[in-house]
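Note sheet for the following structure.
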C-alpha cells in the first residue's frame, strides 16, 4: 500500500507539471504547457526541506537497523549455545557411562559401577538423546506463533517418544521446562559418579538461560511508538519527495 501510494503521488505530480509547466523532449526541444492558465502552475517543494531532514531520517533508520540486528544476533547466539551444549551433554553422557570414579581422580583406569549391559546402556543413553531433542523441539514450538506447526509438533513427539512421555510434554503448561525435567530424570538414571552427573547437569542450566533469554526477546519487542515514528517519517518523506 505504501509503495502504491508513493507511486500514485509521484505519477500525479509528474503528469500535472507536464501539462501545466511544459516539458522537454529527448531532442532537447522545450514544449509549451498544455494548460495555459494563471491557476495552472507547477507544484513543488524547496529542496532545503529534504536536505535538512535527511540526517534525522538517517539516524532513525540506523538506530532501528542496529536494534533489529542486535536482537537477531542475540537470538542466534542463544540457539548456537543450544546446539553446542546438546552435543556436549550427549558426548559426556556417552563417554562417562558406567564410570564411577570422580572427575578429579588421578587414576588412569576408570572405575566401573558394574558390568555394563549393552541393551540397558543403549536404552538409557537413548533416553538422554531423545529428551535432549524433545527440549530443543519444544523450545522451538514454544517460541513460534500459536498455530504455526502445532500439528507437526504433536506428530513428531508421538512418533519419537512413548505415549506417556509424549502426552506429559504435550499437555504441560510449559513444554520446554517439562522436557528439561524429563531430561534431568534421564541423566539421574545413568550409572556414573554423582560429580560427573553434576557436570552434565550444568548444560541444563545453560538451556534454562537460553530459554529465558529467548522468551525475553519474544515478550519485549521493539517499542511500538519507535517503530511507528520511523514508519510515519519514511511515509511522509516518500510522499512529499516527488514534489
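Residue numbers (the numbering used here): 597 to 839.
Cβ coordinates follow ideal geometry from the N, Cα and C atoms, glycine included.
These figures come from a predicted structure and were not determined experimentally.
With C-beta atoms as the reference, is residue i less than 8 Å away from residue j?
i	j	result
residue 639	residue 609	yes
residue 802	residue 783	no
residue 766	residue 775	no
residue 720	residue 786	yes
residue 724	residue 686	yes
residue 772	residue 815	no
residue 700	residue 730	no
residue 674	residue 806	yes
residue 780	residue 757	no
To which residues does DSSP link residue i through a beta bridge?
i	result
residue 620	626
residue 696	For residue 696, which the question treats as bridged, DSSP gives no partner whatsoever.
Enumerate in chain order the residues of its own chain whose CB-to-CB distance from residue i is below 6 Å, with the five nearest sequence positions on each side excluded.
i	result
residue 704	No answer about residue 704 holds up, because its pLDDT of 49 lies below 50 and its placement is not dependable.
residue 601	none
residue 617	629, 638
residue 698	789, 791
residue 636	616
residue 749	737
residue 712	694
CB-CB under 7 Å to residue i, same chain, minus the five flanking residues each way: which ones, in chain order?
i	result
residue 754	762
residue 690	721
residue 732	678, 682
residue 745	737
residue 671	810, 813
residue 603	none
residue 598	831
residue 728	682, 685, 686, 779
Which same chain residues end up closer than 8 Å to residue i when comparing Cβ atoms and leaving out the 5 residues on each side of it in sequence?
i	result
residue 667	813, 818
residue 717	693, 694
residue 627	618, 619, 620, 621
residue 825	656
residue 612	638, 639
residue 660	818, 822, 823, 826
residue 664	818
residue 752	733
residue 833	646, 649, 653
residue 793	783, 784, 786
Considering only heavy atoms of the ligand NAP, does any lie closer than 7 Å to the CB of residue i?
i	result
residue 658	Looking for the ligand NAP in the displayed structure turns up nothing, as the structure carries no ligands at all.
If you measure from the beta carbon of residue i to each beta carbon in chain D, is any gap under 8 Å?
i	result
residue 724	Given the protein chain composition of this structure (a single chain), no chain D is represented.
Stretch pair the region 730–744 + the region 802–820: three plus CB contacts closer than 8 Å: yes
contact_flag[the region 650–662, the region 815–830] where n(CB pairs < 8 Å) is 3 or more: yes
Minimum length 4: unbroken alpha helix (DSSP H) runs contained in the region 705–788: 714–738, 746–756, 759–766, 771–784
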